[in-house]
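This report refers to the structure that appears directly beneath it.
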Amino acid sequence: MPSTITTQLRRIRVSLWILVAAAVLALGGTFLVRTVGVREPPPVTVGEAAIRSEFSLMDHNGNRVTGADFLGRWQFVFFGFTHCPDVCPTTLAYMANVLDRLGGEIERVAPIFITVDPSRDTPQVMAEYVQAFHPKLIGLTGTEAEVAAAARSFRVYYEKMEEETAPDGYLMAHAGHIYVMTPEGGFEDVFREGDQSAEEMATDVLASMSGKQ
Amino acid sequence: MMRKLTATVAVAVVIATPALAEESIRVFDAWARATILASRPGAAYVTVESATEDQLLGVATPVAGQVMVQAVEKDGDINRMKHIETLDLPAGERITLAPGGMHLMLMGLQDKLSEGTTLPMTLSFENAGEITVEGSVLGIAAEGPREAAE
């Protein structure tokens, strides 16, 4: 059951492939034969123009990190917040389950949880929270502006919802997706807990990883 | 897939125990997920089945200041929580609260919910009155009590 964003991205993927095919054809038959004969066409990074792993945030140990620090590793990126009672712990537990199915390949993955509620989710709070899910999980926070910039980079939407009974009077509404980003920081795929088993996501991710060393 | 399987198993269990059918309302599989940090809302889940049409009016537990029934609405790719004032229980229909979907949000927890403990939850129904069940606090990665029992 693909989510709408996945469907949209698949459409973008198809459109990009059509553009690539047109461009290759335009370059002429000789070049085409040579290219196809030598190697597979280069993988199109879906939505690369739209979704990038670009940010400057504080990790849960209090160190300043940017998207560049995670280049060279595959990144699983999820936005949420620690006051989230259901979707966030469910998704992070799911992500931990996926990580445990990657075997030795886990060393090539940086799993990242970015809070959309930085005023309450300080590095200390994030440290205690992420370690409960998985020892590899990296919690990132920052100023409101830094978090907003990171969310924009991933095209992630979030908003504050007033809820008078909630602590401090609000909850956050947010996208519940796990973004899988390539070692170059480009978009590879998106998953949502509940759409497929952890085993299925792990299989998909391992296939992507073995296709691109 | 696991949820479908769980539901199938649950149906099989009910078919195998017709003696329970004489009860007008059943509340079972009550559980909560352990919480990691203090003063954060928790989430609890139950399955309710009423032989006759009824409504869940509210839930209370001594460990939390307030309990709210919350649905997760997926609006495109955004998850919004929606407070359900009264939960309709159509006759004979099983309503299962589960992670990633409808849940009981426990506000004002006095302590963190620790795995291995239990919490009493009193559900108030329009017709059936109050029913108190004991829920198990499962680990943060739990998907439900049946899985834990398997």
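For the record, the sequence lines run as chains A and B.
Numbers given in this note's numbering equal positions in the first sequence, counted from 1, plus 386.
Numbers given in this note's numbering equal positions in the second sequence, counted from 1, plus 1.
Just so it is clear, CB atoms sit at the ideal spot from N, CA and C, and this is done for glycine as well.
It should be emphasised that the depicted structure is a prediction, and the values quoted were computed from it without experimental measurement.
- Taking C-beta atoms as the reference points, Ile564 (chain A) and Phe462 (chain A) count as a pair closer than 7 Å.
- For Leu38 (chain B), the neighbours in chain A by C-beta distance under 8 Å run, in chain order, Thr468, Val511, Glu514, Tyr515.
- Sixteen is the threshold: since fewer than 16 other Cβ atoms of the shown chains lie within 10 Å of the Cβ of Asp554 (chain A), the residue is exposed.
- Following the DSSP letters along the chain, one finds Ser40 (chain B) in no beta strand (DSSP E), marked with neither H nor E.
- Membership of Gln67 (chain B) in the beta strand (DSSP E) is indicated by the continuous run 65-76.
- Looking at the DSSP output, Arg81 (chain B) bridges to B:Glu74.
- Look at the segment 481-527 of chain A and you find these whole runs of beta strand (DSSP E), each 3 residues long or longer: 495-501, 524-527.
- With a threshold of 7 Å between beta carbons, Ala559 (chain A) makes contact with chain B.
- Each residue's CA atom was taken as its position, placing Met106 (chain B) and Val70 (chain B) some 6 Å apart.
- DSSP, reduced to helix, strand and coil, places Asp89 (chain B) within a strand of the structure shown.
- Counting the other Cβ atoms within 10 Å of the Cβ of Asp76 (chain B) gives fewer than 16, which makes it exposed.
- The count of Cβ pairs closer than 8 Å, one atom from the segment 502-513 of chain A and one from the segment 472-492 of chain A, stays below three, leaving the stretches out of contact.
- For Met122 (chain B), the pairing in a beta bridge is given by DSSP as B:Val134.
- Looking at the DSSP output, Thr97 (chain B) sits in a beta bridge with B:Thr48.
- About 5 Å separates the beta carbon of Met587 (chain A) from that of Val484 (chain A), a gap short enough to meet the 8 Å contact definition.
- Close partners of Val73 (chain B) in chain A (Cβ separation under 9 Å): Asp472, Val473, Gly562.
- Contact holds between the segment 114-130 of chain B and the segment 59-69 of chain B, because three or more Cβ pairs, one in each stretch, are under 8 Å apart.
- Using a Cβ distance threshold of 7 Å, Leu110 (chain B) and His104 (chain B) do not count as a contacting pair.
- Secondary structure at Ser539 (chain A): helix, using DSSP grouped into helix, strand and coil.
- Boundaries of the beta strand (DSSP E) harbouring Thr452 (chain A): 450-452, taken from the DSSP string.
- Close partners of Glu493 (chain A) in chain B (Cβ separation under 7 Å) are lacking, with about 22 Å as the shortest Cβ gap.
- Chain order gives the chain B residues near Ala482 (chain A) as Ala142, where near means a beta carbon separation below 8 Å.
- Sequence-distant Cβ neighbours of Gly93 (chain B) in its own chain, meaning closer than 7 Å and more than five residues away, are Ala52.
- In chain order, Thr551 make up the part of chain A whose C-beta sits under 7 Å from the C-beta of Gln67 (chain B).
- Collapsing the DSSP output to three states places Gly109 (chain B) in a strand.
- Ile564 (chain A) is bridged by DSSP to A:Phe464, A:Phe577.
- Partner residues in the beta bridge of Val60 (chain B), as assigned by DSSP, are B:Leu124.
- In the displayed model, Leu139 (chain B) falls within a strand according to three-state DSSP.
- Within chain B, Pro100, Gly101 have C-beta atoms less than 7 Å from the C-beta of Thr476 (chain A), given in sequence order.
- DSSP places Phe456 (chain A) in the helix class (H, G or I) of the three-state scheme.
- In chain order, Met547, Glu549 place their CB closer than 6 Å to the CB of Leu557 (chain A), counting only its own chain and leaving out the 5 sequence neighbours on each side.
- For Arg147 (chain B), no chain A residue has a C-beta closer than 8 Å to its own C-beta; the minimum C-beta separation is roughly 16 Å.
- Cβ-Cβ separation between Leu88 (chain B) and Ile96 (chain B): approximately 7 Å, consistent with a contact (criterion under 8 Å).
- Our two residues, Thr551 (chain A) and Gly145 (chain B), have alpha carbons roughly 26 Å apart in a direct line.
- Considering only B:Ala33, B:Glu74, B:Glu50, B:Leu38, the residue with the shortest C-alpha distance to Ala44 (chain B) is B:Ala33.
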